[in-house]
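What follows is a single structure, written as structure tokens, with notes after it.
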Amino acid sequence: MVRRTLGAWAVLVVGSLTLTACGGSAKADNDKGPAEGSAARITISAKDGSTGASINATGVKVSGGELTEVKMTVAGTEQAVPGALSADNKAWKPKERLERGTKYQISAIAKNTDGRTSAANSIFTTVTTANSFIGTYTPDDGSTVGVGMPVSFTFDKAITDKKAVQSGITVSSSSGQKVVGHWFGAQRLDFRPEEYWKAGSEVTMKIDLDGVEGAKGIHGVQDRTVRFTVGRSQVSTVDAGTQTMTVVRDGKTIRTIPISAGSPDNTTYNGQMVVSEKFVQTRMNGSTVGFGGEYDIPDVPHAMRLTTSGTFIHGNYWYAKGNPPFGRQGTSHGCVGLQDVQGAQGDTPAKWFYDNTLIGDVVTVKNSPDKTVAPDNGLNGWNMPWSAWTAGSAL
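First residue of the sequence shown: -17, per our numbering; consecutive thereafter.
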């Protein structure tokens, strides 16, 4: 994973080692070439004395010879940093990403075909947390998701150069669909195609932010490639007017389920909502979403998140057994409830839907007296017209 370091690759070379009565550390001399008779030229990516070095691209290379020894430690300690030589002994790099804001030391020795040696050392500090930014993203590498799953980044610092950061992230699909990014404020960047992903497509996300200046003095540190698969197409439509949900997979209706949406006082959002999390059981406390002490249920079964603000589609075991609301009336605080049993066991409609749902599947609500869900309330950018979506791109 190599893009750019925060400082240029520095050539650090020392003359051939000579046995003397005096010990000492060979210091890098950037102004001199390799020792006479030796063509081995060592390059350490992080310049001696530098700060803000990359946590990804740090390593050692040699030309005109082979590396025979590379030692990397946390400076001032004997804590070794494991690394590995390339098959041809021309390069060395750490096995894991370095820590931010940490001082390291590298010592390297190489020899040419005549056995003459060269050495180089560098003591440097990696970019600090205060001077760097990281984006938390979804979906995860290797995951299989539903057709509505966007790529979503949340950055830990406000981004002022949105063009530079967006340019450092590319999202492409084997389906050939055009994918465009959209900024929600200064810290969130989502990517999606105009229509849902094509079922079965492979999506590749390249994060090339190492060294990118996202704001003044704040640089990115991420450099990796993430791949995920789009599974079958499943879009479920909740009709709040009839209190039913129709599950359509690959264009065919596979089940119609009675539900209980929001009550007249606490209606459910309309619009396309993407399942972003799944919990076999979870606690739901009304005080966390503005309902005071109206409810606090410690074991809500088969819960699937639809919005950041607290809309779920989930199992309901506390309904009045003599007067079940499913298919008849809305009784929730805005969620979509399905018949279930306490403990998340048994053959129930809620368990069936949970077992047959992927992260990234779409649940569309219609005919509710509420407004359409906001595009940034969860992973719900599908509620924004394509023209408005593309207008929010920095490119």
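Beta carbons are placed, not taken as given, at the ideal position from N, Cα and C, and that holds for glycine.
Model, not experiment: these values are computed from the prediction.
| Query | Result |
| --- | --- |
| Hey, would you say V345 sits closer than 7 Å to I295, going by beta carbons? | yes |
| Just curious, the alpha helix (DSSP H) that W371 is in, first and last residue? | W368 to A373 |
| Quick check on DSSP: helix, strand or coil for N428? | Outside the displayed span of the chain (-17 to 377) sits residue 428, for which this structure offers no information. |
| Looking at N252: is its Cβ nearer than 7 Å to the Cβ of S350? | yes |
| Rounded to whole angstroms, what is the Cα-Cα separation between V376 and V147? | Residue identity check: residue 376 is Ala in the sequence provided, not Val. Looking at the two C-alpha atoms, the distance is approximately 9 Å. |
| Rounded to whole angstroms, how far is the Cβ of M131 from the Cβ of L288, which I believe are closer than 8 Å? | So it is not a contact: roughly 13 Å between Cβ atoms. |
| Should L320 and A332 be called a contact, given that it needs their Cβ atoms to be closer than 7 Å? | yes |
| Measure the Cβ-Cβ separation of G384 and A92 and say whether it is below 7 Å. | Lying before the first or after the last residue shown, residue 384 is absent from the chain, which here runs from -17 to 377. |
| Can you list, in chain order, the residues of its chain whose CB lies under 8 Å from that of T354, leaving out five sequence neighbours each side? | Y251, N252, G253 and N365 |
| Got a sec, what are the start and stop residues for the beta strand (DSSP E) F335 sits in? | Not the beta strand (DSSP E): F335 falls in the alpha helix (DSSP H), residues P331 to D337. |
| The alpha helix (DSSP H) that contains V147, what's its start and end? | K144 to S149 |
| Classify N365 as helix, strand or coil using the three-state DSSP reduction. | helix |
| Going straight from the alpha carbon of K348 to that of G297, what length do you get? | 20 Å |
| Among Y299, N38, T293 and Q327, which one has its Cα closest to the Cα of C317? | T293 |
| By DSSP, does G34 sit in helix, in strand, or in coil? | coil |
| Mind pulling the beta strand (DSSP E) runs of 3 or more residues that sit fully within the stretch 16 to 88? | 23 to 26, 42 to 45, 48 to 56, 65 to 67 and 73 to 76 |
| What separation, rounded to the nearest whole angstrom, lies between the Cα atoms of Q204 and V162? | 20 Å |
| I'd like the span of the beta strand (DSSP E) that includes H315, first residue to last. | Segment: none, H315 is in no beta strand (DSSP E) and carries neither H nor E. |
| With a Cβ-Cβ cutoff of 7 Å, do G213 and T126 count as a contact? | yes |
| Using a threshold of 7 Å, state whether the C-beta atoms of A90 and I24 are closer than that. | yes |
| Assuming contact is defined by CB atoms lying nearer than 7 Å, are G150 and F135 in contact in what I supplied? | no |
| Would you report the Cα separation of P283 and S242, rounded to the nearest angstrom? | 15 Å |
| With a Cβ-Cβ cutoff of 7 Å, do K77 and A62 count as a contact? | no |
| Would you call G41 buried or exposed, if buried means 16 or more other Cβ atoms sit within 10 Å of its Cβ? | buried |
| List the whole-angstrom C-beta distance separating G196 from D143, where the pair is believed to meet the contact cut-off of C-beta under 8 Å. | 6 Å |
| Going straight from the alpha carbon of S68 to that of M54, what length do you get? | 16 Å |
| Let's see if you can read the secondary structure: which residues bound the beta strand (DSSP E) around K234? | K234 to P240 |
| In angstroms, rounded to a whole number, what distance separates the CA positions of T264 and D70? | 53 Å |
| Any idea what DSSP makes of D190, helix, strand or coil? | strand |
| Any heavy atom of the ligand FMN inside 6 Å of the beta-carbon of I141? | In terms of ligand content, the structure shown is empty, and the ligand FMN therefore cannot be addressed. |
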